[in-house]
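Numbering (my numbering), first residue to last: 38 to 230.
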Amino acid sequence: MNKPFSQACENNKVPILQILKSAFAHSRRVLEIGSGTGQHAVFFAPRLPHLIWQTSDQPQYHAGILEWISESPSSNLKPPLSLTVGESAWPTHTYDGMFTANTAHIMQKHETKLMMEQVSQHLPEGGMFCQYGPFTQDGVFSSQSNREFHQQLIESGYGGYRDISELTLWAEPLKLLAINPMPANNLLLVWQK
Ligand SMILES: C[S@@+](CC[C@H](N)C(=O)[O-])C[C@H]1O[C@@H](n2cnc3c(N)ncnc32)[C@H](O)[C@@H]1O
């Protein structure tokens, strides 16, 4: 099997890490939702050695994630849990940090709503949630290419971009601490319970 590869992950991993270093400075156990290829996990885990990084995704992604982990193992990096929001039970461990990248516009709207609700429900008081991706703000797309990508997603059956205001409603009582601009007109939202 060819190892899955995402050029976008290579492009965004350094700026994302800069934010995670401060957002997760006091976190001990982080759950990543929708690890995808696993590239983010193998890059972040050794650079955040004070915490345990738990990967997760739908089962069909596990082989690729495991391949990345076996090539770049890290003592604080855990093989993927099966987590399909809307189908799976929530993992049983307590995670005081959660991370997800590029999932809210892929999931169906009801799945993204459920993800925000479940993250909010399962984080302990003070827990952090870092959410990377493209979003609209007050209904406005940050670029023409984002508007076109959203349209393509809808036409292909994906959920499409979510507005930060709807995420904020679904995530209550999480507080949106920061909206960090990222490369390629993406954002990194930092939430805290
Ligand atoms: C565009 S990929 C992003 C992967 C990776 N986080 C990244 O940034 O490259 C979207 C990810 O969302 C995951 N995903 C889609 N629907 C999901 C659901 N209902 N529950 C959990 N993960 C889901 C996919 O399995 C996939 O890994």
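Each residue gets a CB set at the ideal place from its N, CA and C atoms; glycine is no exception. These figures come from a predicted structure and were not determined experimentally.
**OP:** Verify whether the separation of the beta carbon atoms of N183 and N222 is less than 7 Å.
**Re:** In the sequence shown, residue 183 corresponds to position 146, counting from 1. In the sequence shown, residue 222 corresponds to position 185, counting from 1. Result yes, Cβ atoms of N183 and N222 sit closer than 7 Å.
Subject >> Presumed contact (8 Å Cβ cut-off) between A60 and M135, rounded CB distance >> reply: Position 23 of the sequence shown, counting from 1, holds the residue named residue 60. Position 98 of the sequence shown, counting from 1, holds the residue named residue 135. With a Cβ gap of about 11 Å, A60 and M135 do not count as contacting.
Original post:
Assuming L204 contacts M144 under a Cβ cut-off of 8 Å, what Cβ separation, rounded to an integer in Å, is found between them?
Top reply: Position 167 of the sequence shown, counted from the first residue, corresponds to residue 204. Position 107 of the sequence shown, counted from the first residue, corresponds to residue 144. About 12 Å separates the Cβ atoms of L204 and M144, ruling out a contact at the 8 Å cut-off.
Subject >> According to DSSP, residues forming a beta bridge with K212 >> reply: Position 175 of the sequence shown, counted from the start, is the residue given in the question as residue 212. Answer by DSSP bridge pairing, in chain order: Q229.
**OP:** Locate the beta strand (DSSP E) running through I89, then write down its first and last residues.
**Re:** Taking the sequence shown and counting its residues from 1, the one referred to as residue 89 is at position 52. First-last of the beta strand (DSSP E) with I89: I89 to D94.
**OP:** Below 6 Å CB to CB, which residues in the same chain sit around S157 once its five sequence neighbours on both sides are set aside?
**Re:** Position 120 of the sequence shown, counted from the start, is the residue given in the question as residue 157. Leaving aside the five residues that flank S157 on each side, the residues in its chain whose CB is nearer than 6 Å to its CB run, in chain order, A208 and L211.
Subject >> Residues that I53 bridges to, as DSSP identifies them >> reply: Counting from one through the sequence shown, the residue named residue 53 turns up at place 16. DSSP, once it has assigned bridges, lists no residue as partnering I53.
Original post:
Measuring from the CB of G134, is there a heavy atom of ligand 1 at a distance below 6 Å?
Top reply: Against the sequence shown, residue 134 aligns to sequence position 97. Between ligand 1 and the CB of G134, the shortest heavy atom gap is not smaller than 6 Å.
Original post:
Between the stretch 83-91 and the stretch 107-126, do three or more beta carbon pairs fall short of 8 Å?
Top reply: Verdict: yes, contact present.
Original post:
Measuring CA to CA, which of T140, F81, K40 and S72 is closest to V51?
Top reply: The residue given as residue 51 occupies position 14 in the sequence shown. Taking each of T140, F81, K40 and S72 in turn and checking the Cα distance to V51, the smallest one comes out for F81.
Subject >> ligand 1 heavy atom lying under 6 Å from the CB of Q91 >> reply: Counting from one through the sequence shown, the residue named residue 91 turns up at place 54. Placement of the Cβ of Q91 at a distance of 6 Å or more from every heavy atom of ligand 1 is found.
Original post:
Which partner residues of S125 appear in the DSSP bridge assignment?
Top reply: The count along the sequence shown starts at 1 and reaches residue 125 at position 88. Partner(s): none; S125 has no beta bridge.
Subject >> Close-in-space but distant-in-sequence residues of the same chain around N49 (CB under 8 Å, 5 per side omitted) >> reply: Sequence index remark: in the sequence shown, residue 49 carries index 12 (1-based). These residues qualify, in order along the chain: A138, Y169, M219, P220, A221 and N223.
**OP:** Helix, strand or coil for A141, going by three-state DSSP, please let me know.
**Re:** As a working note, residue 141 is residue 104 in the sequence shown. Correct three-state label for A141: coil.
Original post:
Would the beta-carbon of Y198 be found less than 6 Å away from any heavy atom of ligand 1?
Top reply: For this step, residue 198 is matched to residue 161 along the sequence shown. Answer for Y198: no, Cβ out of range of ligand 1.
Original post:
Can you tell me the Cα-Cα spacing of A231 and Y132, whole angstroms?
Top reply: In the structure displayed, the chain extends from 38 to 230; residue 231 sits before or after that span and is not available.
**OP:** Write down the C-beta distance between E69 and A78 rounded to the nearest angstrom, noting that I regard them as a contact closer than 8 Å.
**Re:** Taking the sequence shown and counting its residues from 1, the one referred to as residue 69 is at position 32. Taking the sequence shown and counting its residues from 1, the one referred to as residue 78 is at position 41. At roughly 6 Å, the Cβ-Cβ gap stays under 8 Å, so E69 and A78 are in contact.
**OP:** State the CB to CB distance for the pair R199 and H142, rounded to an integer number of angstroms; the pair is presumed to be in contact (CB under 8 Å).
**Re:** What you label residue 199 is simply residue 162 of the sequence shown in a count that begins at 1. What you label residue 142 is simply residue 105 of the sequence shown in a count that begins at 1. The Cβ separation is near 7 Å, so the contact holds.
Subject >> Member of Q76, E124 and F42 whose CA lies at the smallest distance from the CA of P96 >> reply: The residue labelled residue 96 in the question sits at position 59 within the sequence shown. The option with the nearest alpha carbon to P96 is E124.
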